[in-house]
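This report refers to the structure that appears directly beneath it.
Numbering (the working numbering), first residue to last: 213 to 615.
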């Protein structure tokens with residue numbers, strides 16, 4: 213969603229900036245800027261904390277409406293899960309889900325992410341024209357390279373060719389070591405011998421990697437996207453995130469709901485409960501660390517020149533990260549993309565009005581929200597569990613919210 217050039221800028225006042233103190237935050241167009249414009253509209257955010265928009269480093273946007281395999285079977289590897297899934301394609305619910313046009317399924321995946329405060333996604337599948345639309349709900353990584361996996365299926369760009377064709381300044385992504393068996397344990401060595409392990413290599417999952425493999429990843433400057441929800445669900449365990457996180461070589465992904473968590477907020481909440489990493493470290497995996505791994509120089513932080521993608525929550529906990537890590541999507545007060553509000557509680561209506569963003573009233577997991585109308589229609593809302601349109605949403609506007 214791009215703001216018209218004639219719109220005023222916005223100055224967010226009174227809030228605490230994550231990782232910093234209280235200071236006005238100036239937005240102009242789709243960027244954070246150092247100074248307010250003459251026509252800047254003030255938005256009073258006292259008693260709030262502002263975070264960078266979250267980055268989901270691994271997602272398959274088009275399959276979030278597909279029902280997962282029934283039961284709680286654990287597989288030796290993702291290859292075994294893929295084999296088991298073949299019969300599931302004949303299930304009537306799966307047939308019906310895949311009959312939905314791919315463009316709509318991709319928009320649903322984008323909306324799923326936006327509702328959870330994600331404003332940018334790495335999509336691990338072929339590019340689709342719908343991703344180019346100005347009304348696509350989230351930003352999507354582009355111009356990167358990818359292959360599916362070392363040992364198939366025969367889907368996507370060929371491994372060696374795609375690696376060779378990827379500019380060194382862009383990430384090259386591949387599912388790797390997604391298992392607990394010997395095949396998974398040997399995949400990093402295979403990739404290395406192929407000459408496809410380099411500083412721009414981004415490995416998805418990495419569960420089967422041992423300590424030497426992780427040391428090798430760090431040595432060459434490669435990185436891993438950790439998808440713990442998917443790993444525990446399919447494989448019964450995940451990797452130890454601490455060495456890679458300490459080296460700055462780890463990002464967080466939710467994968468799709470076909471195998472993974474409901475959304476990135478659920479990943480953060482679940483991993484916080486496991487206590488392998490503290491809240492600040494976990495938040496970094498979905499902001500600054502993810503931006504570094506995906507080579508996104510203007511994302512993941514709140515600084516002038518960076519993307520004006522933000523998540524706003526109530527300031528109700530002592531630590532900055534703890535204000536966001538542990539929350540669910542209905543707890544978010546507002547999500548801002550390209551400098552414009554796109555999802556918020558009803559008392560943010562004046563900001564939508566000032567930004568000339570047309571909204572619809574919805575219920576999100578039982579809480580009233582305003583959603584930018586450009587990002588959804590009735591059919592798309594119906595695809596997302598917990599999201600329902602309503603005729604009216606009543607909410608008091610805070611006195612003095614807009615000066």
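Think of the CB as a built atom: it goes at the ideal place given N, C-alpha and C, for glycine as much as any other residue.
Beta-carbon separation of residue i and residue j under 9 Å?
i: residue 237; j: residue 227; result: yes
i: residue 275; j: residue 317; result: yes
i: residue 333; j: residue 310; result: no
i: residue 335; j: residue 415; result: no
i: residue 230; j: residue 539; result: no
i: residue 503; j: residue 548; result: no
i: residue 484; j: residue 267; result: no
Could you tell me the alpha carbon to alpha carbon distance between residue i and residue j, rounded to whole angstroms?
i: residue 492; j: residue 509; result: 20 Å
i: residue 246; j: residue 338; result: 38 Å
i: residue 610; j: residue 586; result: Reliability fails at residue 610, whose pLDDT of 40 lies under 50, so the model's placement of it is uncertain and no value is given.
i: residue 331; j: residue 348; result: 11 Å
i: residue 402; j: residue 395; result: 10 Å
i: residue 420; j: residue 390; result: 6 Å
i: residue 172; j: residue 304; result: For residue 172 there is no data in the structure shown, the boundaries of the chain being 213 and 615.
i: residue 482; j: residue 590; result: 31 Å
i: residue 343; j: residue 258; result: 35 Å
i: residue 475; j: residue 283; result: 20 Å
i: residue 469; j: residue 515; result: 33 Å
Taking the alpha carbon of residue i as the reference point, which residue from the options has its own alpha carbon closest?
i: residue 555; options: 584, 577, 600; result: 584
i: residue 269; options: 314, 325, 278, 257; result: 325
i: residue 505; options: 304, 457, 252, 580; result: 457
i: residue 575; options: 548, 563, 541, 564; result: 541
i: residue 242; options: 265, 234, 232, 229; result: 265
i: residue 362; options: 594, 372, 356, 562; result: 372
From the DSSP output, in three-state form, read off residue i for me.
i: residue 438; result: strand
i: residue 351; result: strand
i: residue 467; result: coil
i: residue 683; result: Given a span of 213 to 615 for the chain in the structure shown, any question on residue 683 remains unanswerable.
i: residue 256; result: strand
i: residue 294; result: helix
i: residue 430; result: helix
i: residue 575; result: strand
i: residue 317; result: helix
i: residue 474; result: coil
Keeping to the same chain, check which residues put their C-beta closer than 8 Å to that of residue i; ignore five residues upstream and five downstream.
i: residue 545; result: 260, 524, 525, 526, 556, 557, 560
i: residue 220; result: 249, 251, 252, 253, 566
Apart from the five residues on each side of it in sequence, which residues of its chain come closer than 6 Å, Cβ to Cβ, to residue i?
i: residue 375; result: 384, 408
i: residue 478; result: none
So, for residue i: in the same chain, excluding its five sequence neighbours on each side, which residues have a beta-carbon less than 7 Å away from its beta-carbon?
i: residue 432; result: 409, 410, 411
i: residue 534; result: 491
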